[in-house]
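Residue numbers (my numbering): 413 to 489.
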């Protein structure tokens, strides 16, 4: 579950509903073996139904902004 807050989670026994699942077939090869499995991508915990209810807004992780400069400006003369 992408973008879930660190204090939110599911417990064993919770009923989970995914209203609009995005099912993706994954196929990977490693050391001559092929691994194939289905994955369900859930973009936000707010798109789920847990035990018949939508999760609270606090289930969503806060946004983070990271900046970096690939090339520092030339020093002033």
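Note that beta-carbon positions come from the ideal geometry of N, C-alpha and C, so glycine has one too. Small disclaimer: the values here were computed from a predicted structure and weren't measured.
Chain-order list of residues whose beta-carbon lies under 7 Å from that of residue i (same chain, five-residue window excluded)
| i | result |
| --- | --- |
| residue 454 | 413, 414, 430 and 460 |
| residue 426 | 462 and 463 |
| residue 472 | 415, 417, 456, 457 and 458 |
C-alpha distance - residue i paired with residue j, whole-angstrom precision
| i | j | result |
| --- | --- | --- |
| residue 474 | residue 421 | 15 Å |
| residue 432 | residue 451 | 13 Å |
| residue 440 | residue 423 | 30 Å |
| residue 492 | residue 486 | One cannot answer for residue 492 here, as it falls past the ends of the chain, which runs 413 to 489. |
| residue 469 | residue 458 | 7 Å |
| residue 418 | residue 428 | 19 Å |
| residue 476 | residue 442 | 34 Å |
| residue 444 | residue 482 | 38 Å |
| residue 478 | residue 438 | 30 Å |
is_contact[residue i, chain C] using C-beta, thresh 8 Å
| i | result |
| --- | --- |
| residue 427 | This model lacks chain C altogether, as it is built from one protein chain only. |
Residues of its chain near residue i, where Cβ-Cβ distance is below 8 Å and the 5 sequence neighbours each way are ignored
| i | result |
| --- | --- |
| residue 436 | 450, 451, 452 and 453 |
| residue 467 | 420, 457, 458 and 460 |
Close-in-space but distant-in-sequence residues of the same chain around residue i (CB under 6 Å, 5 per side omitted)
| i | result |
| --- | --- |
| residue 447 | 440 |
Host beta strand (DSSP E) of residue i (start-end)
| i | result |
| --- | --- |
| residue 480 | No beta strand (DSSP E) holds residue 480; DSSP gives it neither H nor E. |
For residue i: DSSP bridge partner residues
| i | result |
| --- | --- |
| residue 472 | 416 |
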